[in-house]
Each structure stands twice: as C-alpha cells, then as structure tokens.
Amino acid sequence: MHNPNLEQEAEHVIEAVADRWHRARAAYRMANLATHHVLGFAVKTVLLAYFLFIGLFLFLRYAVLPNIDYYKGDIERLASRAVGNPVSIARIYASWTGLRPSLFLGDVVLRDQQGRPALSLPSVSATFSWWSVLALDARFDTLEIIRPDLQVRRARDGSFYVAGIRLETGKEEEGKGADWVLNQRAIVIREGRVTWTDELRGAAPLALDNVTLALQNVWNQHRFAFKATPPAAMARPFDVRAEFAHPRFASKTSDVRLWKGELYADLRDTDLAAWKPYFDYPFALARGYGSVRTWITLDQARLAGFTADVGLANVAAQLGKDLPPLQLERMQGRVSAREDFQRDADGGGKPTFGAHGHTVTLDKLTVQLPGGAALVPMSISETWTPRLARAPESTRVHARMLDLATLAQLAGQLP
Numbered sequence: 010m011h012n013p014n015l016e017q018e019a020e021h022v023i024e025a026v027a028d029r030w031h032r033a034r035a036a037y038r039m040a041n042l043a044t045h046h047v048l049g050f051a052v053k054t055v056l057l058a059y060f061l062f063i064g065l066f067l068f069l070r071y072a073v074l075p076n077i078d079y080y081k082g083d084i085e086r087l088a089s090r091a092v093g094n095p096v097s098i099a100r101i102y103a104s105w106t107g108l109r110p111s112l113f114l115g116d117v118v119l120r121d122q123q124g125r126p127a128l129s130l131p132s133v134s135a136t137f138s139w140w141s142v143l144a145l146d147a148r149f150d151t152l153e154i155i156r157p158d159l160q161v162r163r164a165r166d167g168s169f170y171v172a173g174i175r176l177e178t179g180k181e182e183e184g185k186g187a188d189w190v191l192n193q194r195a196i197v198i199r200e201g202r203v204t205w206t207d208e209l210r211g212a213a214p215l216a217l218d219n220v221t222l223a224l225q226n227v228w229n230q231h232r233f234a235f236k237a238t239p240p241a242a243m244a245r246p247f248d249v250r251a252e253f254a255h256p257r258f259a260s261k262t263s264d265v266r267l268w269k270g271e272l273y274a275d276l277r278d279t280d281l282a283a284w285k286p287y288f289d290y291p292f293a294l295a296r297g298y299g300s301v302r303t304w305i306t307l308d309q310a311r312l313a314g315f316t317a318d319v320g321l322a323n324v325a326a327q328l329g330k331d332l333p334p335l336q337l338e339r340m341q342g343r344v345s346a347r348e349d350f351q352r353d354a355d356g357g358g359k360p361t362f363g364a365h366g367h368t369v370t371l372d373k374l375t376v377q378l379p380g381g382a383a384l385v386p387m388s389i390s391e392t393w394t395p396r397l398a399r400a401p402e403s404t405r406v407h408a409r410m411l412d413l414a415t416l417a418q419l420a421g422q423l424p
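The sequence shown begins at 10 in the working numbering and counts up by one.
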C-alpha cells in the first residue's frame, strides 16, 4: 500500500544526511588546506633557518675567523666602550673545535682611568656555543683563562674597584654580569693572582697566588671550586666548594634568595693576628692560630644548618673590656647546628636561623689551658622548639662529661 507521508519523511532524512555529508567534506577540505599551509610554512621556516645557519657557519669559517686579526682594532674599541676603560689585545686568532668556533686572545690588558694595568690576561681561550644565536648573547661552551692578574681596590672614599671598574650598587644593570656568568657552560681559571689593596685602612697589599676557579653550569644546577694560596706567614692554601640549584624557570638566575645548596670551606693553620690589618675582630686579639673545616647548608638565603670542625692554638685574647685575658694552649671540637623552619615559610631573603626551632651541638670539645689544666672531651646539645598550637615552647639541654672545675676557671674570662 502506497504511503506518501513515509516517502516524504524518507526524502527529508536523505536530504539531511546528504547536507551533513557535504558540510563534513567542506570542513575536511578546509582543515586539509589549512594544515597543508601550516605544514608548508613550518617546512619553509625550518629550511630557511637551516640555510641561514649554514650561511652563518660558512661565513664564519671562511670569511671572519681566518681574518680575525684584521678586526683586532674593532674588537679592542668595542671592549673598551663596553667596560669604560682602555683594553688592549696583543694577539688574536681563531680556529674550530669540532663544529664550534674557538677564539684565542693573548696578553689582554685592561687599564684603569690612570692608565695602570688593572687586569692582565696572558691567555684566554673560548669555544663558542651555538646557543649564542638563539639567545642573541655571547654563550661559551668553555671559557678558559690562564694566569690572570686581577687588581681589587677599596679607595679612600669607600668605593670598590674591580679591574679598574667602579662597582655601582642600585643600578638596573646590577646582577646582569652574574647572570651572564651563570649562563656559560664551563669557566675555568688557572694559575691566577688576585691583589687586594685597601686604601681606606692603609694596609699593605694582600696577594692571593695560584688562584684556581672551576665553574660548571647545567641549566639550574651550578657547581664551583675555588682554591688560592695566601702569603705563607698568614695561612695555608684554602679550598672552597659549592653546589647550588635554583628554580628551573627563575626570571633571575643570580637571585641567591631562590638558591638551595651546600657550601664547603677548608682553612688551615691561619695566623689570626696576621689578618688584623685587613678586618676588625669583635674582640681584642693578641695572638692565635686557627683551622676550620665547615659544611654549610643554605635554603633560599636561610642558614638551614652547618657543621664545623674547629681548632685553635696559642690563643691570647680579651673578649670584653672588663674581662681578664683569655689564654688557650689548644681547643678542638665540632660545632653543628640545624634549623627546623617551615618549608613554606617565607624568609624574605633574610637570615632567620633559630626563629622556627633549632638544635645546636658541641661534640668532643677539648680545651687545654696554660699550666696543664685541661677540659676532658665534652659533648653538649641544646634544642629549642617554639610554641605550637597544642604544645608550649620548650628548651632541652643534654650534656655528657662536664668538667665543672675547669669550666668554672674559664667562666671568669668569658662574656
């Protein structure tokens, strides 16, 4: 039996399906066309970047680097303009380290405003990183400096000069130099010399010889080692090492308020009195020798903890105006401390040690006094916990092997 209504409904369904099919095909063609254009643009961009890179590579290899000595005068003028003081370069030549261009500078001298040598660099070797192209800044895969001679000076007005350049604080550019250093993959300094002249105190120049510095930067991880030899009469060579990390996407790499890491320092056989011309002690010191080896943990500019092995010998000092002189034949022991601050507490970049609870420990402390009296090895610890929501403030002290007689003898000489 023929039904016109059913036929009309079927025709409407077929027309609707056909309309949707045509729309889907049109959308597919448009998407395909757009994808084709985007893909084509991406391929063209990659090819353009590739050929630009190849062109830059060939230009450097065959036009610039073989004739680098021709540009020596221009490089000297640019360097002088950048630092604000005269810069001279005796020798310059270029080569290749694999696919990376390398540059050698010989006998570079930076002079102060009076024309005196403030920084001498007999040998500078630099291997460029191709990241320089993307960063639009000089980036080095390795930067090696041999036998540098650096002058650091404090003038009579209190101003500081490094390599003849006055250090300015509070400027917008402050910290950019440190950021640049921390963006280099590796920097090595060997056989260096640093001379400190303090015109304000009128002290004799102090020279550190055999200065060695190694700095490695891998994204947000930074390691450095620093060794130097002070005058033999003042101390033995000292060693400082550190390993730090900062947030991966920090806006300012050199902002130490974001850093976390550890610092190690080793200073041996230091004549404490020999350093008096260069800084002031908080007490009157007549003589004394000391050594310290310390491990320090820092967390966002806050002292999270430290451990120090301390040794003193032949000490004569007065710790207060109204106190008798303190005399020690020898003192040795380990001092350690730890802070229990909240991980989410904001220290504002300021030291907060002890404010959130702490533990301080003296371990195996021995003291020998003139005349033979000695303090037997003693250990003592103190723990302070601040008041919490359900617990009051508390302080705990634990001591072992206290020599009360010798401690009483020392107490009169201590603040």
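C-beta: ideal position from N, C-alpha, C; glycine also.
Spanning the alpha carbons of VAL142 and ILE84 requires a straight line of approximately 19 Å. Straight-line spacing of the CA atoms in GLY167 and LEU411 works out to 48 Å. Residue environment: PHE292 is assigned as exposed (fewer than 16 neighbouring CB atoms within 10 Å of its CB, all protein chains considered). Within the same chain, Cβ atoms closer than 7 Å to the Cβ of GLY93 are found at ILE174, the five residues on either side in sequence being excluded.
Measuring C-alpha to C-alpha distances from THR370 to each of ALA382, GLU391, ARG109, LEU378 identifies GLU391 as the nearest. In the three-state reduction of the DSSP assignment, ASP289 falls in the coil class, being assigned neither a helical nor a strand state. The count of Cβ pairs closer than 8 Å, one atom from the region 129-137 and one from the region 152-164, reaches three, so the stretches are in contact. The closest CA to that of TRP304, considering only VAL117, TRP268, ASP248, LEU321, is found on ASP248. Distance check between ALA244 and each of LEU217, ALA317, SER403, ASN229 places LEU217 closest, using alpha-carbon atoms only.
In the structure shown, GLU208 adopts coil according to DSSP, grouped into three states. For THR368 and THR306, the gap between their C-alpha atoms comes out near 14 Å. Using a Cβ distance threshold of 8 Å, ALA326 and PRO334 count as a contacting pair. With respect to GLY320, GLN341 sits close: the two C-beta atoms are nearer than 8 Å.
Straight-line spacing of the CA atoms in ALA147 and SER111 works out to 12 Å. CA-CA distance, LYS261 to GLN193, rounds to 15 Å. In this structure, the straight-line span from the alpha carbon of LEU222 to that of TYR102 is close to 25 Å. Here the C-alpha atom of VAL406 lies approximately 19 Å from the C-alpha atom of VAL385.
Per DSSP, ILE84 is one residue of the alpha helix (DSSP H) stretching across 81-92. Under the three-state reduction of DSSP, SER345 is assigned to strand.
Counting only runs that start and end inside the region 106-185, the beta strand (DSSP E) elements of at least 3 residues fall at 109-120, 126-137, 149-155, 158-163, 169-171. When beta bridges are read from the DSSP output, HIS367 appears opposite GLU348, TRP393. In the three-state DSSP reduction, GLY64 falls in the helix class (H, G or I). DSSP places THR54 in the helix class (H, G or I) of the three-state scheme. In the DSSP secondary-structure assignment, LYS236 is bridged to THR221, ASP248.
According to the DSSP assignment, LEU321 belongs to no alpha helix (DSSP H) but to the beta strand (DSSP E) extending over 311-327. Fewer than three beta-carbon pairs drawn from the region 204-212 and the region 223-231 are found closer than 8 Å, and the two stretches are therefore not classed as touching. Per DSSP, reduced to three states, the secondary structure at ASP275 is strand. Taking PRO239 as reference, the option from ASP207, ARG202, ALA254 with the minimal CA-CA separation is ARG202. In the DSSP assignment, the residues bridged to THR303 are ALA274, ALA317. Residue environment analysis places PHE137 among the buried positions, since at least 16 neighbouring C-beta atoms fall within 10 angstroms of its C-beta.
Taking the CA atoms as reference points, TRP189 sits about 16 Å from ARG257. The Cβ atoms of THR151 and ALA88 lie no closer than 8 Å to each other. MET39 counts as exposed, since fewer than 16 other C-beta atoms from the protein chains shown sit within 10 angstroms of its C-beta. Of the other Cβ atoms in all chains shown, fewer than 16 fall within 10 Å of the Cβ of TRP228; this residue is therefore exposed.
For THR415, there is no enclosing beta strand (DSSP E); the enclosing alpha helix (DSSP H) covers residues 413-420. Taking a 10 Å sphere around the C-beta of GLY297, we find 16 or more other C-beta atoms and assign the residue as buried.
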